[in-house]
Structures are given as C-alpha cells and as structure tokens.
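Residue numbers (my numbering): 41 to 78.
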C-alpha cells in the first residue's frame, strides 16, 4: 500500500496520450512491487 501512496493519486500529464503513458508506467511499477513481494 505504501508504494501506491508514493505514486500519488493524481496524474500529472495533461494530454490524453501522456496520461496513458503515465498510467502504463505506474502499472509497471506496481507489478514490479508485487513481484518483489512474492
């Protein structure tokens, strides 16, 4: 749960394409944290 708080709760990108890229990056980070926690 701590890693989710580190990423923040809002997107910083303004354009839609940048927001999509930002979400993909966040998901990749969360997946990595999940993998490390196993």
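Where a beta carbon is used, it is the ideal one built from N, C-alpha and C, also for glycine.
Contact belief for residue i with residue j at Cβ below 8 Å, rounded distance in angstroms
i: residue 59; j: residue 46; result: Not confirmed; about 19 Å, so no contact.
Proximity of residue i and residue j at Cβ, strictly below 8 Å
i: residue 53; j: residue 62; result: yes
Checklist entry - Can you list the alpha helix (DSSP H) stretches of 4 or more residues lying completely in the stretch 43-77, in chain order? => result 56-77
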